[in-house]
Amino acid sequence: MGFFRNSSALSLRARRQDEMSTGRTTPPNRRGGGRPRGGTTATDRMIRTLLRRRKKTLTLEEVTVTDRPAVRRAVSAAALGNTMEWFDFGVYAYMAATLGKVFFPASSPGAQVVSAFATFAAAFLVRPLGGLVFGPLGDRIGRQRVLAATMIMMAVSTFAVGFLPAYRTIGFTAPVLLLICRLVQGFSTGGEYAGATTYIAEYAPDRRRGFLGSWLDFGTFVGYSLGSGLVTGLTAALGTGGMTDYGWRIPFLVAGPLGLIGLYMRLRLEETPAFQREAELARDEAAAVEVAAGGTDDPVEDARQSGHGRLREIFTRHWQAVLICMGLVLLYNITNYMVTSYLPTYMTETLGQDETTAQLLVLGTMIVVALTITTVGRSSDRWGRRPVFLGGSIALVALAWPAVRLIHRGGILTPAIGCLILGLLLVCFAGTSAATLPALFPTRIRYGALSIAFNISVSLFGGTTPLVASALVEATGDTMVPAYYLMGAGVVGLIATVFLHETAGLPLRGSGPMVETHEQAHALVARSRTEAGRRARDVWLRLRHPRTHGDHHR
């Protein structure tokens, strides 16, 4: 493990005892966030949590000291894949009307938009299948190899869209080919975000996981800004006619070189330390079982049974964490897709505003989100993940209607304020999710559980947001539908946050502490011994003077 200066696995017995004894949805820690009361530091909370989990003091061999260059490489490679994914989303969102004319010319303008968004949403229907395949596979063969495979599939399928013939050339076959490319994109992205968040979370030091994880979603909004900015520039340069004739192909063709760069970076990565330790423990456990009871003669059958066991564990022992994850993902992604994918079309097709102005307003909002997202991630390390989600959910319920109402007004200033409000609400969830979601699950099922929960929620609620919102507006004639939709997402997110336990500054479930320096490692071990000694003294006092000690504590 060349990327770590000091690293060793926890004992098999302690690790398995940890996971078996914490069948709850999150690590056993008090709810709430922010600075602990009574002067308790984040280190104190970590030590007490570790002692509750493992019932023994911490040793120096159990603390991982991370290597900063390796962490930077991991964050960069993971974020670039997200940039690639959202470059495609930005292009598709800003060209929905154009693609409707190219692939669905026989329909009315409103039906063209709905048809284009239906093709967009179709990709999300296969995302759970991709998550079901890539997630458990990443828990078995490693995060790095699966992330390289998803990058290849995303790049090839996006690049291929640029070569598709239009409807006027081959008729109905054209939208069918577009749908096939979108389905391949959706299948590959089913393993992308969950894998990238898992990868960064398992590399990041415990005290900086929020900040480092926020760079993943920084890549989201950079990719979206690049894609939407490219479409906006091409539209201004070529005009509507030029975009319909040939300009729509250019953004998709740009995805090819981006994919090659991302693949090169991911192939140079090493596996995460948490997965390497888990793989070592799994080998030891398998060897012990084989010696004790014998195994099958077929390694493929052993792997299949292991995979089925993990899936069974996800839905039987961690179903509460799955539901919490789905609620938080719903909150984040409905807000995200409403702002990034639906808002440009909503402002132009529904409200009749100038197309270039609408695109520039949303693009400017995404730039603001990208510039502030790491600040939110750093704040979640200091104050906690739960307060950020809680405040954002309440604010979304309260401010969604005024924000959409401002967007209704003409001109530039008031719609810009409305877009900015929605962007600042979005950044509360975007800057915190990458650190919060992986912490819900233990290492051995983290990739699989997160892939399944994330993609089911995104497919049902996130990716369908543009389609559902546009269809409801068309059916009801109520142009405030986006506000009601966002308010409902805020209520669901608020409920999920109530059941969320704080994980800021704590090790991931099933893993030992991760720190940045050897000095921090020694200090952590020393504090662990001090806390264990204090607890032993309290137990001795309670046994010797039960009445006096009890009265003192009361």
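Residue 554, in UniProt numbering, is where the sequence shown stops; the numbers in between run on with no holes.
Don't be surprised by glycine CBs; every beta carbon is placed ideally from N, CA and C.
Quantities reported herein were computed from a predicted structural model and do not represent experimental measurements.
If you draw a straight line from the Cα of residue 257 to the Cα of residue 84, it is about 10 Å long.
A check of alpha carbon separations from residue 499 across 235, 328, 476 and 346 identifies 328 as the nearest. Here DSSP, grouped into helix, strand and coil, assigns residue 64 to strand. The beta carbons of residue 196 and residue 212 sit about 12 Å from each other, so the pair does not count as a contact at 8 Å. In terms of Cβ geometry, residue 403 and residue 421 form a close pair [threshold 8 Å]. Straight-line measurement puts the Cα of residue 220 at about 20 Å from the Cα of residue 128. With fewer than 16 neighbouring CB atoms inside 10 Å of its own CB, residue 526 falls in the exposed class.
The stretch 265-272 and the stretch 70-83 touch, with no fewer than 3 CB-CB distances between them shorter than 8 Å. Contact between the stretch 416-436 and the stretch 329-337 is present, with at least three C-beta pairs closer than 8 Å. Taking C-alpha positions only, residue 310 is separated from residue 467 by approximately 34 Å. Taking residue 242 as reference, the option from 385, 101 and 169 with the minimal CA-CA separation is 101.
Here residue 413 is exposed, its C-beta having fewer than 16 other C-beta atoms within 10 Å. For residue 363, same chain residues with a beta-carbon under 7 Å away, outside a window of 5 residues either side, are 225, 228, 229 and 232 in chain order. When C-beta atoms of the stretch 188-208 are compared with those of the stretch 451-460, three or more pairs fall below 8 Å, so the two segments count as touching. Taking the Cα positions, residue 157 is about 26 Å away from residue 434. Counting the other Cβ atoms within 10 Å of the Cβ of residue 501 gives 16 or more, which makes it buried. In the same chain as residue 518, and ignoring 5 residues on each side of it, the C-beta atoms closer than 6 Å to its own belong to 65, in chain order. Judged by DSSP secondary structure, residue 200 falls within the alpha helix (DSSP H) whose first and last residues are 192-203. From the listed residues 60, 206, 94 and 187, the smallest Cα separation to residue 514 is found for 206. Looking from the CA of residue 401, the closest CA among 481, 239 and 237 belongs to 481.
For residue 387, the uninterrupted alpha helix (DSSP H) run begins and ends at 385-408, by DSSP. Per the DSSP secondary-structure output, residue 514 pairs in a beta bridge with 64. Here residue 469 has 338, 342, 346, 481, 482 and 485 as same chain residues with Cβ atoms under 8 Å from its own Cβ, once five neighbours each way along the sequence are excluded. Across the set 360, 160, 188 and 448, the C-alpha of 360 shows the shortest separation from the C-alpha of residue 235. Annotation for residue 463: 121 and 124 place their beta carbon closer than 6 Å to its own, counting only its chain and skipping 5 residues before and after. Per DSSP, the unbroken alpha helix (DSSP H) holding residue 215 starts and ends at 209-242. Nearest in C-alpha terms to residue 118, of all of 492, 465 and 445, is 465. Straight-line spacing of the CA atoms in residue 166 and residue 173 works out to 9 Å. When Cβ pairs closer than 8 Å are counted between the two stretches, the stretch 385-394 is seen to touch the stretch 488-499, the count reaching three or more. With respect to the 8 Å criterion, residue 131 and residue 314 are not classified as neighbours on the basis of their beta carbons.
DSSP places residue 508 outside both helix and strand once states are collapsed to three, so it counts as coil. For residue 326 and residue 479, the gap between their C-alpha atoms comes out near 28 Å. Nearest to residue 93 by alpha-carbon distance, out of 281, 395 and 252, is 252. Apart from sequence neighbours up to five positions away, the residues of its chain that approach residue 407 with a beta-carbon distance below 7 Å are 347, 415, 418 and 419, ordered along the chain.
Taking the Cβ atoms as the reference, residue 512 lies roughly 4 Å from residue 62, within the contact range of under 8 Å.
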